[in-house]
Each structure stands twice: as C-alpha cells, then as structure tokens.
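*Asks:*
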Amino acid sequence: MASKRNKNLMKRTARVYLNDLNAGKSEIVRQFLFQCHDVMQYFIDLFWQRKDFSGKLADLPTVHRARQRFGITTRLGQALAKQASECVRSQHKKYSKRKPQLRWHTVTLFYHFVTIKPFKGDGFDWCVKLIGSGAPKLIIPVKSTKLINQRLASGWQISKTIRMGLRKGCLWIDFIFEKQRPPLRTFGRVVGMDSNYKSGVVFSNCQVVGEGIYQRIQGFKKRQKHTRTEIKSMLGYALKSVDWSSIKVLSIEDLKKVKHGKRETFSRVFNRRLSHWLYRTLVQLLERKCEEEGIQLVVKDPFKTSQFCSRCNRWDRRNRKGDRFKCVHCGYLTHADHNAAHNLELLGVAGVYGLRSYLSSFRQSVG
Ligand SMILES: [Zn+2]
C-alpha cells in the first residue's frame with residue numbers, strides 16, 4: 246500500500262550550500278561523510294563479491310560486520326547498506342559491469358537521523374538538526390533559497406529525508422520535496438515539439454521560445470566555465486513562458502533515435518556532443534514540466550520528420566534546405582522546425598510511433 250502511494254508522488258530536490266557553517270561543525274560533517282563513504286564502499290565490495298545484485302535490504306549479520314569494523318550504529322549501518330545495495334543494483338543493470346567505485350561523498354539521511362524545522366531567530370530560515378542514531382548530534386542553520394520558497398509556495402511538501410554531501414570541497418544539503426502527481430488531462434490538444442537551437446524550441450501550436458539561446462552559445466568564450474549550467478537555466482527560463490494550458494499530449498522526438506550529428510552543427514568549441522546534451526537536457530526539463538501539469542509526453546521516431554510534408558503527406562529529400570522547408574510536390578512553404586513539429590503532432594494524433602506506420606494507416610483509410 247505504501248509503495249502504491251509513493252508511486253503517485255513527484256519528487257524534486259533543492260540544493261543549499263553550507264558556506265556559512267562554522268569551521269568546527271564543517272569538520273564534524275566532513276568526517277561523518279568520509280566515514281559514510283568508507284562504510285558504503287565496504288558494503289559495495291561485499292555485495293559485489295557475493296554477486297548480490299538484488300538491491301534488497303542487507304541481513305543483520307552483514308550490518309553487524311560493518312558495525313564492528315567501523316564502530317557505527319546498527320541503524321546507520323542499515324541505512325548505508327541500503328544505499329550501497331541500490332548502487333550495486335543500478336551498476337549491475339548497466340552495460341559496463343565493473344564494480345562501482347564511490348567517487349561522491351553523498352549520504353541519504355532518513356528521519357531517524359535528522360529533523361527539519363523553521364529556524365527560531367534571525368539570519369537563517371531552517372534548522373536542520375542531526376539527532377544522533379549514528380550521525381553526529383549537530384544543529385545546522387540553513388538559509389532558504391528562491392527555489393525552496395517557490396516550491397513551498399506552489400504546494401510542495403518538504404520531506405523528512407535529506408541528502409547531504411561534499412562537492413569540490415563545499416558541503417551541501419539537498420532538501421527533497423514531494424507532491425501528489427496530478428491526473429493526466431482529459432482536455433486539450435496534441436502538440437508536437439521540435440528544436441534545433443538555432444530557432445529555439447518550436448511547438449506546433451505556433452509557440453516558440455528560447456530563440457536567444459543559440460546566439461548566447463555562440464558568444465561563449467573558448468574556456469568559459471559554467472556554460473552548461475547557464476544554458477540549462479536559460480532553457481528552464483524559456484519553458485516558463487510557454488502556455489501549457491491547452492496541451493493534452495506533447496509529442497517529441499525519441500531521444501534514443503536522435504542521431505548525434507543530426508542537430509545543428511556548432512562551432513568547434515561547442516561541438517555535436519554539446520548539441521546532443523542540449524536536447525537531452527531539454528527533454529528532462531519537459532518531462533518534469535509535463536508531469537507537474539498532467540500532460541502526457543510521448544516520444545516518436547524522428548526518421549524523415551524533417552523532410553515529410555505535413556500538408557500533402559508526401560516525402561522528398563529536396564523539401565528541406567537549412568531552415569527552410571518547401572514541398573516540391575505541393576509548394577507548401579514554412580520554417581523547417583515548424584514543419585517537423587507539425588509532423589510530430591500528426592504522429593501524436595494518429596498514435597503511431599513513426600512516419601512509416603503513419604503512412605500505411607493513412608493509405609488504408611484513403612483506400
Ligand atoms: Zn506537400
């Protein structure tokens with residue numbers, strides 16, 4: 246029953262860096278994270294050696310072994326064994342089946358170890374309290390962020406569990422937010438989306454956003470840092486201005502079928518791998534947005550969607566020239582991305598995966 250309820254929960258995180266934490270507390274947290282890291286790697290080695298890829302909870306004798314070896318509590322041992330077994334399981338599912346080496350110092354702390362309360366007093370907003378059970382006893386005052394405030398204002402509940410970690414020498418806490426997933430919409434229309442970053446994110450209901458992103462990318466300096474973070478936030482910002490209210494189903498290209506070189510070629514600094522990364526990031530943002538809005542996201546085969554005429558239902562290689570689409574059969578003239586977005590809408594409406602099955606069902610209905 247509990248798992249069924251959890252399936253209907255959406256989860257998001259918001260990271261806060263603990264730059265204001267005093268040196269003494271910082272050191273305690275650091276030591277704790279290092280210890281957790283060692284224990285988890287111990288469990289990973291153990292599960293890997295046993296070929297236990299089930300991801301199941303560790304038995305008590307196993308937990309006790311770590312307890313004796315590292316001098317930790319049973320409860321902390323159980324929590325770390327759980328994370329280790331999930332790590333082993335997900336690694337085993339991957340193509341490369343090498344034993345995982347924990348590079349990150351990240352630990353998930355359940356409500357046995359931590360409480361989160363509003364901070365009493367000035368200067369901070371949250372009081373994150375490590376309450377023992379194997380974790381150190383410690384009060385960590387935390388300042389709220391814009392993202393946290395936005396989530397709380399839009400009905401997200403703060404979870405009792407946090408994640409804590411170390412990245413490039415900085416300590417951070419991830420607050421986890423939960424919200425009931427809305428039911429899928431029963432009204433609205435099917436809309437296709439295509440994007441190649443020169444013209445932004447193009448929707449078949451004539452909305453276009455993010456036109457400036459390509460220009461910004463071209464303006465990046467060769468060794469500029471944080472470019473991906475900036476592009477991601479630009480994409481996120483662009484999607485905010487989309488009107489989602491009339492959309493029931495969003496039809497996009499299947500990421501698995503998008504070829505690496507297919508998208509717009511970037512300058513040598515921003516190569517094809519970046520453009521592929523861009524599309525993947527866009528898809529991730531859309532997945533979240535659609536989930537929150539109750540919009541069904543469907544993926545389609547991009548095969549020939551850029552050369553197919555959405556007006557006369559005929560395909561020709563010569564139809565597409567750069568940004569311009571002009572049908573050699575019926576003369577239909579439009580922007581290439583609009584045509585592709587429209588084709589994705591066609592596939593979405595017809596409920597088929599690719600143009601081949603679309604055409605065969607179309608021919609059948611014509612006779
Ligand atoms: Zn045509």
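Numbering (our numbering), first residue to last: 246 to 612.
No residue lacks a Cβ here, since even glycine has one placed at the ideal position from N, Cα and C.
Keep in mind that this is a model prediction, so the values were computed, not measured.
(1) List in chain order the residues whose CB is within less than 5 Å of at least one heavy atom of ligand 1.
(2) My output table needs one value for M246: the three-state DSSP class, helix, strand or coil.
(3) Starting from I407, follow its DSSP beta bridges and name the residues at the other end.
(4) Taking DSSP as the reference, what is the three-state secondary structure of W371?
(5) Check whether the segment 340-350 and the segment 367-379 touch, using three or more Cβ-Cβ pairs below 8 Å as the test.
(6) Nearest CA to the CA of K342: which residue from T351, C332 and G410?
(7) Identify, in the order they occur along the chain, each residue of the same chain with its Cβ nearer than 6 Å to the Cβ of A303, setting aside the five sequence neighbours on each side.
(8) For a test of the three-state rule: what should DSSP assign to T474, helix, strand or coil?
(9) In this structure, does DSSP put A595 in helix, strand or coil?
(10) Please determine, among V503, I393 and W522, the residue with the shortest C-alpha to C-alpha distance to V544.
(11) Report the residue ranges of all alpha helix (DSSP H) runs contained in full by the segment 486-570; include only those spanning at least 4 residues, in chain order.
(12) Assuming D283 is part of the alpha helix (DSSP H), what are its boundary residues?
(13) From the DSSP output, which residues share a beta bridge with V359?
(14) For A259, does the three-state DSSP call read helix, strand or coil?
(15) Give me the Cα-Cα distance between G414 and L392, rounded to the nearest whole angstrom.
(16) Output needed for S449: all residues of its chain with C-beta closer than 6 Å, excluding positions within five of it in sequence on either side, in chain order.
(17) Can you name, in chain order, every residue of its own chain whose Cβ lies under 7 Å from the Cβ of P386, other than the five neighbours on each side?
(18) According to DSSP, is C332 helix, strand or coil?
(19) Roughly how many angstroms separate the alpha carbons of L278 and H350, rounded to a whole number?
(20) As an exercise, report each continuous beta strand (DSSP E) stretch of at least 3 residues that is fully enclosed by the segment 435-462, in chain order.
(21) Could you check the C-alpha separation between D283 and N267 for me, to the nearest Å?
(22) Can you list, in chain order, the residues of its chain whose CB lies under 6 Å from that of S613, leaving out five sequence neighbours each side?
(23) Mind checking V573: buried by the 16 CB within 10 Å criterion, or exposed?
(24) Run through the DSSP bridge pairs and tell me what H309 is partnered with.
(25) By the DSSP assignment, the beta strand (DSSP E) with K382 in it spans what residues?
(26) Check L397 in the structure and name its three-state DSSP category.
(27) Please tell me whether Q328 and V308 are closer than 7 Å, where the distance is taken between their beta carbons.
(28) For S330 versus F355, is the C-beta distance shorter than 7 Å?
(29) Determine, using beta-carbon pairs with one atom in the segment 486-502 and one in the segment 427-435, whether at least three such pairs fall under 8 Å.
(30) Give me whichever residues DSSP pairs with Q402 in a beta bridge.
*Replies:* So, to answer that:
(1) Matched residues: C554, R556, C557, C572, H574, C575 and Y577.
(2) Unreliable placement is indicated for M246, whose pLDDT of 39 sits below 50; the coordinate value is still reported in the next sentence. It is coil, neither helix nor strand.
(3) L354 and F420
(4) Correct three-state label for W371: strand.
(5) no
(6) C332
(7) A326
(8) helix
(9) helix
(10) Closest by alpha carbon: V503.
(11) 517-538
(12) A268 to R295
(13) L375
(14) strand
(15) 23 Å
(16) V436, G437, A586, H587 and E590
(17) F364, F369 and C372
(18) helix
(19) 6 Å
(20) 446-448
(21) 25 Å
(22) A question about residue 613 goes unanswered here, because the residues of the chain that appear run from 246 up to 612.
(23) exposed
(24) According to DSSP, H309 bridges with nothing at all.
(25) K382 to V387
(26) helix
(27) Between Q328 and V308, the CB-CB gap reaches or exceeds 7 Å.
(28) The answer is no: Cβ separation not under 7 Å.
(29) yes
(30) E423
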